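Undergrad: My questions all concern the structure below.
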Amino acid sequence: MHKKLRAFALAALLLLAASGARAANLIDDSSFEAGAGNGWGVAMGAEPSRVSWNSYYDSTTAVDGRYSLKIPTTNRQLTMQVARSVFTIETKYYRLTPGRKYTLSLYMKADKPCAVEFGLLGHGPSERDAKGRAIQKPDDRLLWQKAQLETGWKRYSVSGEPAASPGGLAHLSIDYRTEDLTPINVWIDAVQLEEGELSAYAPRLPVEIGFRCPVPGNIYYETEPARLKLLVYNAAGRSGTARINYSITDLFDREVEKGTLQADLAKGGKNLEIEMAPYIKRRGIFRLLAWVDEGNGRNGQPVEMTYSVLPPNKHLNEPFEGGLLGTDVSALRYDQLQVLKRANFNWILSKKVVLWDRAEPTKGDFRFYDEEIEAARKAGVVLVGQLLWGDGVAWSMKNLPAGDLRKPKVATWDETARAQFLKDVAEYTTAVVSHYKGKIKYYELTNEPYFQFTPEQVGEVYRTMYQAAKKADPNCVCAINTDYRLTTDEKGEVVRGEHYYLPQTVEKYGLNICDVVSAHFYINDLRWFLPFGNLLKKYGKPGWNTETGITCASFYKTLPLLAAIEQGDAFWKNYLRTQVIPHADSMQKNVLLTISAGQMDKYFYYFSRFGNCSPSQPTRRAGSGKENVEFDGSLRAGGVTQSIASHFFEGCQYDSRWIKDPRIEMYLFRDGTGTRGFMYAAGTQPKPLLLTLAGPSRQMEFYDLMSNPVGLDKESRLPLTFLVKFFKSSLPPQQAMKAMEEMKIEEGKIPAEGDVWSYDDFEMH
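Put into structure tokens, the structure is as follows:
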């Protein structure tokens, strides 16, 4: 089954609807009858909210079938002076035959007459800079048309021979943008991409299927019944029964469930709904693939949905300051915050809502965003507002320090400019904190000040802002952002002659300039975590990791990628081994090292902005795709492992590091009177280990990286790989540590089937 399914899914991925002998239309779910899973979504960085996609299906008007797609316009503030009403939706890539004529057509209407542009975009050129880094190039317009919409349905089309595109890839884009900020809706239906001239509309397949998930972010709780609707659109009006096969696989591409559903096509007209109960027996991230069995060994186009199974957030409907997991967002939108809250991201860091250039774009002109703050309150998240980012607001930049900050004797700050800057930033801080008193309790005063100020200079800025904030709201909590890695060598020692912001600032201004110390730990390097943790312990201040993230691989398997075409059968195995699993592993360890070696209390992933991905670019092609969610708002693998880590350790207190054997990285936490902890095989190329447990350690409970129980073998052995294993013990930390010292550690082959210990040796099942 596995080999057949993989071959089938890969074949569908590579063909990308190029054959379609049964229908001229190349677009999947072209009349929006089958729900999610067919590669429709919002373009990268565009509107509207992708999390609310289910709400865009309109059953009150349609050209074909029961539904049309009703897209609301969104007003986006591009600058403080320029705003536009916008939306851009798109499809996944399809593969075109070079040198052929194609026609793209669709039906559209709007609340009022307006202009909408649509067409085919080709895959942007794959270029690299002098250092070999990918360069993000925009997709090329292959066919493009501007349509004047009316209030009634009308068909629009564009034809031509598309220019060559890498891999023959092209996707549909529908774009609206105007300076008229009056909200309107645009309806879309009966989309068709065909080879040759315009013809009457017809769906691509006689029977189309898709999903409609009722829970935010496709996040199922293990304690609740799991429900999912499989939508069936009998476009051809067939009679009889349709066999729909499905397969569910986990992070490692192991099949955990398969089955067949029967759809009686004679019932319910052309639109049928079948209730499914997705697999939720274990925690983790899962992929659901479904397809219509056409008989005689033929299968329809697969549809795909990724989902996660997590413990419930016990504080789902209320703020929880005790939570350790947070994330950076772009806009405070209730539907997006619902997803993050459900995933146990109880804290939200906003670098926009109170930022100086947004809150005071011109001197004395203060602007407040109470609707966004209310959305955060409604979602039950704890909000942290960042006040000063980068150079501050444009009108104050002339008062910043001058000179080379890396050379303290050269860096200067004109006295008049310094006094004016401190006055301005104090007035701004006072106004913002006063206005949001009782609504925002937590603030981060700056972002990476080591690019604008010396330690002595920023210390004065901190003191000024801290005093202003406390005067405006004595109960507010202020974090100062410091460096952690810029001035330490490979041994973690301070580099002579360089700035070391935290100790130098504290030495000059003392500790009464903040309540919390924050830093940005992007890399899982103990040479940086351990010294910073020791400083926090020395100063007696809590710490936060407020910015950390990597370009995350998408877990979606059937969204077309150029690399999949170029690599063929080898693509998915390599992609899973070198991208998906390492990212899930790295981001989980980033959380765990933050709260252990780094001795910090809060972790904020950078970022979950629901915009840095799309159907055509599930992962941003040129990097900088630091997005914790997929194009449809579901969690990526790293988001799932982060959530699992937070659930396991919330309410615990870090205790100590186990250092008996350098081959194992292990940390212990106090959990009431007992112990919780995590461990993994250490090193850049860790070898697989077998731990033979003895004495009290045999009574410990062990769990995999998704916190599913893991048992010992008959010889009381536990395999340990580079992937995290969690553990619990009823013993207090020091006794648990002593018990672990009695275990026997051996290098050798992992006996447990499917246990991954090396990316290179990872075997597909």
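Going left to right, the sequence shown walks through residues 13 to 777 as the working numbering numbers them.
Glycine included, each C-beta is placed from N, C-alpha and C at the ideal position.
Just so we're clear, the structure is a prediction, and the values are computed from it rather than from any experiment.
On the premise that E173 lies in contact with W156, defined as a C-beta separation below 8 Å, what is that separation, rounded to the nearest angstrom?
TA: The pair is not a contact, with the Cβ atoms about 13 Å apart (cut-off 8 Å).
Undergrad: Let's test the definition: count the other Cβ atoms within 10 Å of the Cβ of L523 and tell me whether it reaches 16, buried, or not, exposed.
TA: exposed
Undergrad: By how many angstroms is the C-alpha of L573 removed from the C-alpha of L154?
TA: 18 Å
Undergrad: Mind checking if N720 is an interface residue toward chain C, Cβ cutoff 9 Å exclusive?
TA: No chain C is part of this structure, which consists of one protein chain only.
Undergrad: The ligand COA and R107: does the residue's C-beta get closer than 8 Å to at least one heavy atom of that ligand?
TA: The ligand COA is absent from the structure shown, which contains no ligands of any kind.
Undergrad: Using CA coordinates, which residue listed in V528, G450 and N602 is at the minimum distance from W540?
TA: With distances taken between Cα atoms, W540 lies closest to N602.
Undergrad: Among the residues of its own chain, which have a CB less than 7 Å from the CB of W407, if the five just before and after it don't count?
TA: T374 and K375
Undergrad: If distances are taken between C-alpha atoms only, which option among L38, W303, K82 and L181 comes closest to A576?
TA: Selected option, being the one with the closest Cα: L181.
Undergrad: Kindly give me the distance between the Cβ atoms of S61 and P215, rounded to whole angstroms, as I take these residues to be in contact under 8 Å.
TA: Not really, about 27 Å apart at Cβ, beyond 8 Å.
Undergrad: Q600 lies in the alpha helix (DSSP H); which residues open and close that run?
TA: I593 to I607
Undergrad: Closest to A355 by C-alpha separation, out of S320, L81 and R475, would be which residue?
TA: S320
Undergrad: Under the rule that 16 or more other beta-carbon atoms within 10 Å means buried, what is F533, buried or exposed?
TA: buried
Undergrad: Would you identify the three-state DSSP class for G555, choosing helix, strand or coil?
TA: Three-state result, G555: strand.
Undergrad: Note the first and the last residue of the continuous beta strand (DSSP E) segment covering R299.
TA: From DSSP, the beta strand (DSSP E) with R299 extends over G296 to G307.
Undergrad: Our contact map puts F738 next to S719 with C-beta atoms below 8 Å; I'd like the distance itself, whole angstroms only.
TA: 6 Å
Undergrad: From the DSSP output, in three-state form, read off H327 for me.
TA: coil
Undergrad: Bridge partners of N257, per DSSP?
TA: T272 and W303
Undergrad: Looking at the unbroken beta strand (DSSP E) that takes in Q148, where does it start and where does it end?
TA: For Q148, no beta strand (DSSP E) run applies, since DSSP gives it neither H nor E.
Undergrad: Quick check on the DSSP output: the beta strand (DSSP E) that includes G131 runs from which residue to which?
TA: C126 to G134
Undergrad: Have a look at L571 and E754 and give me their C-alpha separation to the nearest angstrom.
TA: Approximately 49 Å, taken between the alpha carbons.
Undergrad: Tell me the start and end of each unbroken beta strand (DSSP E) in the stretch 417-476 that is at least 3 residues and wholly inside, in chain order.
TA: 454-459
Undergrad: Just to confirm, is the Cβ distance from V394 to E333 under 9 Å?
TA: The Cβ atoms of V394 and E333 lie closer than 9 Å to each other.
Undergrad: Within 10 Å of its beta-carbon, does F463 have 16 or more other beta-carbons around it, so buried, or fewer, so exposed?
TA: Classification for F463: exposed.
Undergrad: For L605, I'd like the list of residues in its chain whose CB is within less than 6 Å of its CB, leaving aside the five on either flank, ordered along the chain.
TA: N536 and F541
Undergrad: Buried or exposed for K15, please, with buried defined as at least 16 other CB atoms from any protein chain shown within 10 angstroms of its CB.
TA: Residue confidence for K15 is low, a pLDDT of 49 falling below 50, so the modelled location carries little weight and cannot support an answer.
Undergrad: Beta carbon of V785, beta carbon of G222: below 9 Å?
TA: The shown model of the chain, from 13 to 777, leaves out residue 785, and the question about it has no answer.
Undergrad: By Cβ distance below 8 Å, which residues in the same chain neighbour I147 in space, the five residues on each side in sequence not counted?
TA: E139, R140, D141 and A634
Undergrad: Since T653 and A596 are thought to touch, with beta carbons under 8 Å apart, how far apart are those beta carbons, to the nearest angstrom?
TA: Contact flag correct, Cβ pair sits at about 5 Å.
Undergrad: Which same chain residues, not among the five before or five after E209, have their C-beta less than 8 Å away from its C-beta?
TA: K113, T115 and S171
Undergrad: Spell out the partners DSSP gives G487 in its beta bridges.
TA: According to the sequence provided, residue 487 is Asn. The question's Gly does not apply to it. Under DSSP, N487 shares a beta bridge with no residue.
Undergrad: So what's T590 in DSSP terms, helix, strand or just coil?
TA: helix
Undergrad: Between the beta-carbon of Q348 and the beta-carbon of V341, is there less than 9 Å?
TA: yes
Undergrad: If contact is defined by three or more beta carbon pairs under 8 Å, each pair taking one atom from either stretch, is the stretch 447-462 in contact with the stretch 473-492?
TA: Taking a cut-off of 8 Å on C-beta distances, the stretch 473-492 touches the stretch 447-462, as three or more cross pairs fall below it.
Undergrad: Out of curiosity, what's the CA-to-CA distance linking S67 and R239?
TA: Each residue's Cα considered, the two are about 18 Å apart.
Undergrad: Run through the DSSP bridge pairs and tell me what L81 is partnered with.
TA: Y69 and I200
Undergrad: Can you give me the C-alpha to C-alpha distance between S628 and A423, rounded to a whole angstrom?
TA: 46 Å
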